[in-house]
Structures are given as structure tokens and as C-alpha cells.
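Trainee:
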Amino acid sequence: MAPGPVVDAPGEPTLYGSSPAAPTAVTAERSRGGVRHDQEPGRIDAIALSQWFSGRKVLERCTLSMEPGRVTALIGPSGCGKSTFLRALNRMHELVPGAQLSGQVLLNGVDIYSEDISPTEVRLRIGMVFQKPNPFPAMSIADNVLAGLGLSGSKTDDAEALVEQCLRRAGLWEEVKNRLHEGGMSLSGGQQQRLCIARSLAVHPDVLLMDEPCSALDPISTRVIEETIRELCHDITIVIVTHNMQQAQRVSDDCAFFLVETLGEPGRIVEHGPTERIFSNPSDPRTLDYVNGRFG
Ligand SMILES: Nc1ncnc2c1ncn2[C@@H]1O[C@H](COP(=O)(O)OP(=O)(O)OP(=O)(O)O)[C@@H](O)[C@H]1O
Ligand SMILES: [Mg+2]
Numbered sequence: 023m024a025p026g027p028v029v030d031a032p033g034e035p036t037l038y039g040s041s042p043a044a045p046t047a048v049t050a051e052r053s054r055g056g057v058r059h060d061q062e063p064g065r066i067d068a069i070a071l072s073q074w075f076s077g078r079k080v081l082e083r084c085t086l087s088m089e090p091g092r093v094t095a096l097i098g099p100s101g102c103g104k105s106t107f108l109r110a111l112n113r114m115h116e117l118v119p120g121a122q123l124s125g126q127v128l129l130n131g132v133d134i135y136s137e138d139i140s141p142t143e144v145r146l147r148i149g150m151v152f153q154k155p156n157p158f159p160a161m162s163i164a165d166n167v168l169a170g171l172g173l174s175g176s177k178t179d180d181a182e183a184l185v186e187q188c189l190r191r192a193g194l195w196e197e198v199k200n201r202l203h204e205g206g207m208s209l210s211g212g213q214q215q216r217l218c219i220a221r222s223l224a225v226h227p228d229v230l231l232m233d234e235p236c237s238a239l240d241p242i243s244t245r246v247i248e249e250t251i252r253e254l255c256h257d258i259t260i261v262i263v264t265h266n267m268q269q270a271q272r273v274s275d276d277c278a279f280f281l282v283e284t285l286g287e288p289g290r291i292v293e294h295g296p297t298e299r300i301f302s303n304p305s306d307p308r309t310l311d312y313v314n315g316r317f318g
């Protein structure tokens, strides 16, 4: 499907939110049809995404293709918009008062901001794992894994098998198989994070977004999650934000470097490409300085 027109200036059509310059926002042209429910890893295309909060532009025309079955790392100094970009891929800002977005996000060619697609449907296709593990505290380990099914309205004939499958894929099964009915909060931080990954997997997403999933974890738990990511990426497209340059090199196939060039300006993608090239031979000298730890 060909992308529709894209605009990004206040006063121009936006996907949601009132334009600071034009309180009566015009609705952007949107695609029709549902998000496909296949089991293949999804392709996400962000096209000229700009984001404002209360009239302040924080992301400027970010265009990035996140390829099926690959891991894309989003890197850059604090405040350059990595989390904002990631959240925009999951429709997470549209209820934030004063938030405004322009551009497009396509999942397998379909606009996830289309009027025909609900945020719930988007989040079933595109899962999210946060910096701080957030298992449901009142639920057992097994029930945490199954928690998303209610949201999706789907049922499983064999809940036990699904729990085992998801916990295995998240690299947690061996550690919890004899305590599935204990509370999710009884696990260590690293185990809780893998439980959250297992919970995301239960609804068979095409894409998994991860915002610094290891930043609160010890090196061993971090390694386990990185191995899990490398296993999962055969079936699921993964986009991960990380401040850890070694981690970006270990887990990602592609990398996008975000930067606020001048204080007060919005964040931009300076460059993106295969991780190996971004770390060894980037085209922008600022990328080289950043990946070598010279700033940020
Ligand atoms: N809900 C919000 N309301 C207002 N401003 C926001 C909101 N979310 C993000 N911002 C602003 O957007 C800019 C980018 O923030 P973002 O959290 O995306 O940066 P980041 O690259 O993820 O930083 P870090 O590496 O520290 O997590 C910041 O200036 C931040 O203050
Ligand atoms: Mg962030």
C-alpha cells in the first residue's frame, strides 16, 4: 500500500491532537482495512513521524523501517526521543493531553492510526515491554502469562501448554515450572522481566517493542534476556531502546542513532543502518563519537 500524504508542521493535518497553531485539527488521510493477523514477523515503517507535547516538538520527521525478523536498536543520548518514538509505534500517546503526532506508522503496510483499527488491536499485534518489569501483582505466574488473552477476546484450548510454550520462549520455564501458581511478584527482577516477555508472547504479536528492558537488571539476567531476544527475533520483529552500546552490538541487526542537535530542538534520526556499519563506519562523525562513548 502506498503511504498517504505526510505533513509535520503545526497547523497542518495531524494523526491526533490539536495543532498548537490551529486548534481545529484536520484529520490526516488514513488507510482502510484491518491489521493482518498472520504469525509472520511484522514489518514496521515509521514515515516522517513528528511528535509534540503541549506544542513543544520533541521528534522531527523520523523515518525508519524496522524489518521483519530483525532486531532494531534505537540509540542516542538521554532526551533525544527514543522512548517517544517507540511509544508512537504503539499508539501510547494519543490520550496524553496536549500530545500531537504527524506522519505514519505502517504495520505490514497498514496504518496503525487508521480509524478502523483500535488501540487494543494495535497492542495485540505490537507488544511492549517496559524498563521496569510490571507483572500483575495479584496474579500467579501462570495467570500473568495468560492475562493478555482476555484483552484479545481469544481463548485457548490448552492453557497449560500455552503457559509452558510462552515461558520456554521467554527463557523462564526451567526456573519456574514447579512454582507456576506462586505470585508473579515472587520472582527476581530479571525473572519478572522474562515473565512480562512471556505475557507479551501469549497473544502472538508480530512485533515486540522493548524500552531499556535490561536497565534494572544484573549482567547475568541481562545476558539471559539478550539470548531470549536473539531466539525470538526469528518469529517476531524486535525494536529495543538501549543505552548500552555493547548490548546494541550484541543483540541488534540494525541500529538507528537519535540526537537532539541543539538544546531545545526536537530529536532526529541522524542515521540508521546495519549495526556493524553504524559501529565501524558510520557516515556521520557524531554517530562515531557517540558509539565510542565520547558524549551522551
Ligand atoms: N508525556 C510527555 N509529556 C511531555 N513531554 C514529554 C512526554 N514524553 C516525553 N516528553 C519529552 O520528550 C523528549 C524526549 O523524551 P524521551 O523520553 O522520548 O527521551 P529518551 O531518548 O527516551 O530519553 P532517555 O534515554 O532518558 O530515556 C523529552 O524532552 C521529554 O521531556
Ligand atoms: Mg527513554
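In the working numbering, the protein residues as written are 23 to 318.
Heads up, the beta-carbon is just placed ideally off N, CA and C, and yes, glycines get one too.
Assuming G206 and I247 make a contact with CB atoms under 8 Å, what is their CB distance in whole Å?
Mentor: With 8 Å as the limit, G206 and I247 do not qualify as a contact, their Cβ atoms being about 17 Å apart.
Trainee: Using the three-state DSSP reduction, which class does G64 fall into: helix, strand or coil?
Mentor: G64: coil per DSSP, three-state reduction.
Trainee: Skipping 5 residues on each side, what residues in its chain have a beta carbon closer than 6 Å to that of R113?
Mentor: Counting only Cβ-Cβ distances below 6 Å, and skipping sequence neighbours, we find P141 and V144.
Trainee: For F279, which beta-bridge partners are listed by DSSP?
Mentor: F279 is bridged to I97 and E293.
Trainee: Check each candidate in N200, S222 and T244 and name the one with the smallest Cα separation from G212.
Mentor: Of the candidates N200, S222 and T244, the one whose C-alpha sits nearest the C-alpha of G212 is T244.
Trainee: From F75 to T284, what distance separates their C-alpha atoms?
Mentor: Using only the alpha carbons, I get a separation of about 18 Å.
Trainee: Are E362 and D276 close, meaning C-beta to C-beta below 8 Å?
Mentor: Shown here, the chain extends from 23 to 318; a query on residue 362 therefore has no answer.
Trainee: Using the Cβ count rule (16 or more neighbours within 10 Å means buried), how would you classify R201?
Mentor: R201 comes out exposed.
Trainee: Cα separation between D133 and L71?
Mentor: If you take the alpha carbons of D133 and L71, they lie about 13 Å apart.
Trainee: Please report the residue range of the alpha helix (DSSP H) in which M16 lies.
Mentor: The chain is shown only over 23 to 318; residue 16 falls outside these bounds and no answer can be derived.
Trainee: Tell me, to the nearest whole angstrom, how far the beta carbon of L230 is from that of S222; I am working on the premise that it is less than 8 Å.
Mentor: With 8 Å as the limit, L230 and S222 qualify as a contact, their Cβ atoms being about 6 Å apart.
Trainee: Can you have a look at S53 and say buried or exposed, based on whether 16 or more other CB atoms are within 10 angstroms of its CB?
Mentor: A caution first: S53 carries a pLDDT of 35, below 50, which makes its placement in the model unreliable, though a value can still be read off. The residue is buried, with at least 16 neighbouring Cβ atoms inside 10 Å.
Trainee: Taking only runs that begin and end inside the stretch 181-222, name each unbroken alpha helix (DSSP H) of 4 or more residues, in chain order.
Mentor: As far as the stretch 181-222 is concerned, its whole alpha helix (DSSP H) runs of at least 4 residues are 181-191 and 195-198.
Trainee: Please find out if some non-hydrogen atom of ligand 2 comes closer than 7 Å to the beta-carbon of V11.
Mentor: With the chain covering only 23 through 318, there is no way to say anything about residue 11.
Trainee: Any idea if T79 is buried or exposed, counting beta-carbon neighbours within 10 angstroms, 16 or more meaning buried?
Mentor: The residue you asked about is not Thr; residue 79 is Lys in the sequence shown. So K79 ends up on the buried side.
Trainee: Helix, strand or coil for S124, going by three-state DSSP, please let me know.
Mentor: In this structure, S124 counts as strand in the three-state DSSP scheme.
Trainee: So the alpha helix (DSSP H) G172 belongs to, where does it begin and stop?
Mentor: Segment I163 to S174, the alpha helix (DSSP H) holding G172.
Trainee: Looking only at its chain, what residues have a beta carbon closer than 6 Å to the beta carbon of V127, apart from the 5 residues adjacent to it on each side?
Mentor: Contacts found: A68, L111 and I134.
Trainee: Taking G131 as the reference, which of G98, G64, G286 and T309 has the closest Cα?
Mentor: G131 has its Cα closest to that of G64, out of G98, G64, G286 and T309.
Trainee: Between the alpha carbons of Q73 and T106, how many angstroms are there, rounded?
Mentor: Going from the Cα of Q73 to the Cα of T106 covers about 8 Å.
Trainee: Need the endpoints of the alpha helix (DSSP H) that L108 sits in, please.
Mentor: First-last of the alpha helix (DSSP H) with L108: K104 to A110.
Trainee: Quick one: measure Cβ to Cβ for A181 and I219, integer angstroms, because I've assumed they're closer than 8 Å.
Mentor: With 8 Å as the limit, A181 and I219 do not qualify as a contact, their Cβ atoms being about 18 Å apart.
Trainee: Flag F279 as yes when its Cβ comes closer than 7 Å to any non-hydrogen atom of ligand 1, and as no otherwise.
Mentor: The answer is no for F279.
Trainee: Between the C-alpha atoms of G56 and V261, what's the straight-line distance to the nearest angstrom?
Mentor: With a pLDDT of only 41 at G56, under the threshold of 50, the placement of this residue in the model should not be trusted; the figure read from the coordinates follows. Each residue's alpha carbon lies about 22 Å from the other.
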